[in-house]
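**Q**
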Amino acid sequence: GENVEQHPSTLSVQEGDSAVIKCTYSDSASNYFPWYKQELGKRPQLIIDIRSNVGEKKDQRIAVTLNKTAKHFSLHITETQPEDSAVYFCAGEHAGKSTFGDGTTLTVKP
Amino acid sequence: SAVISQKPSRDICQRGTSLTIQCQVDSQVTMMFWYRQQPGQSLTLIATANQGSEATYESGFVIDKFPISRPNLTFSTLTVSNMSPEDSSIYLCSVVQGGRTGELFFGEGSRLTVL
């Protein structure tokens, strides 16, 4: 089955800096790669996603890049704000089933 | 986006008892899943709830421990049977709206504490 590894497990940045979280996956058949943000005590919510026929996608301060050959994808957050502090999960999906990374706790210090 | 109602939102249970969690979606969906999130951990897929047939369980999860029902395209239940403290966790219902692949929408979760 799919195995998704996520790094780093914790990340602390100053407000205004950029944050990068990286994931690798094992199943070359996976074709959908979402990123979810989970605030403390809340449910995970999608912030951005990318499909395997696309190399990069951007939505305001958030971008995701995908390298299918190397089987890795990354989340980039620019101009971080304190409200970006949360746990971020990457996932790889194949045949409707999503496998999640272990999560990255992002702390943005004001 | 799909609106998912889960109940109970939290419960404290005694060892050896069973608890059923309900998940109601405001629209018909094909794909419905049950995840477990242990404290400070990631989300682990328990099973895919299949409408009208037995659920599809992931490795490490069995029907006797986690029986699942899905009588229609908007509703599912997960039972945690013969609970032990190791079952203390958040259980989340999730759906894919409008197809078989894509964004997962999650319920608010059911936080179970087993004493």
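Residue numbers (my numbering), protein chains in the order written: chain A, 4 to 113; chain B, 9 to 123.
For glycine and all other residues, C-beta sits at the position ideal for the given N, C-alpha and C.
1. Given a cut-off of 8 Å, decide if C21(B) and G115(B) are closer than it, judged by their beta-carbon atoms.
2. Measuring alpha carbon to alpha carbon, tell me which of T82(B), L27(B), S84(B) ends up nearest T121(B).
3. Compare the beta carbon distance of I29(B) and Q49(B) with 8 Å and say whether it is the shorter of the two.
4. T82(B): which of G110(B), I98(B), V103(B), Q46(B) sits nearest, CA to CA?
5. Could you check how far apart the C-beta atoms of E42(A) and A94(A) are, in whole angstroms? I think they sit under 8 Å.
6. Tell me the DSSP secondary structure of P85(A) in three-state form.
7. I'd like the span of the beta strand (DSSP E) that includes N58(B), first residue to last.
8. With H, G and I counted as helix, E and B as strand and the rest as coil, what does DSSP make of E94(B)?
9. Hey, quick one: how far does the beta strand (DSSP E) through N70(A) stretch, first residue to last?
10. Nearest-angstrom Cα distance between Y99(B) and W42(B)?
**A** With the given structure in hand:
1. Residue numbering aside, residue 115(B) sits at position 107 when the second sequence is read from its first letter. Residue numbering aside, residue 21(B) sits at position 13 when the second sequence is read from its first letter. No. Outside cutoff.
2. Residue numbering aside, residue 121(B) sits at position 113 when the second sequence is read from its first letter. Closest in alpha carbon position to T121(B), among T82(B), L27(B), S84(B), is L27(B).
3. Your numbering for residue 29(B) matches position 21 in the second sequence. Your numbering for residue 49(B) matches position 41 in the second sequence. No, they are not a contact pair.
4. For the purposes of this step, residue 82(B) is taken as the residue at position 74 of the second sequence. Nearest C-alpha to T82(B): V103(B).
5. The sequence position of residue 42(A) within the first sequence is 39, counting from 1. The sequence position of residue 94(A) within the first sequence is 91, counting from 1. Actually they are not in contact, since the Cβ atoms of E42(A) and A94(A) sit about 17 Å apart, beyond 8 Å.
6. Here residue 85(A) is taken as the residue at index 82 of the first sequence, counted from 1. Here P85(A) sits in helix by DSSP.
7. For the purposes of this step, residue 58(B) is identified with residue 50 of the second sequence, where counting begins at 1. Note, N58(B): premise wrong, no beta strand (DSSP E); not H, not E.
8. Translated into positions along the second sequence, residue 94(B) becomes position 86. Note: E94(B) maps to helix in three-state DSSP.
9. Along the first sequence, one-based indexing puts residue 70(A) at 67. 65-70 is the extent of the beta strand (DSSP E) around N70(A).
10. For the purposes of this step, residue 99(B) is identified with residue 91 of the second sequence, where counting begins at 1. For the purposes of this step, residue 42(B) is identified with residue 34 of the second sequence, where counting begins at 1. Distance between the alpha carbons of Y99(B) and W42(B): 7 Å.
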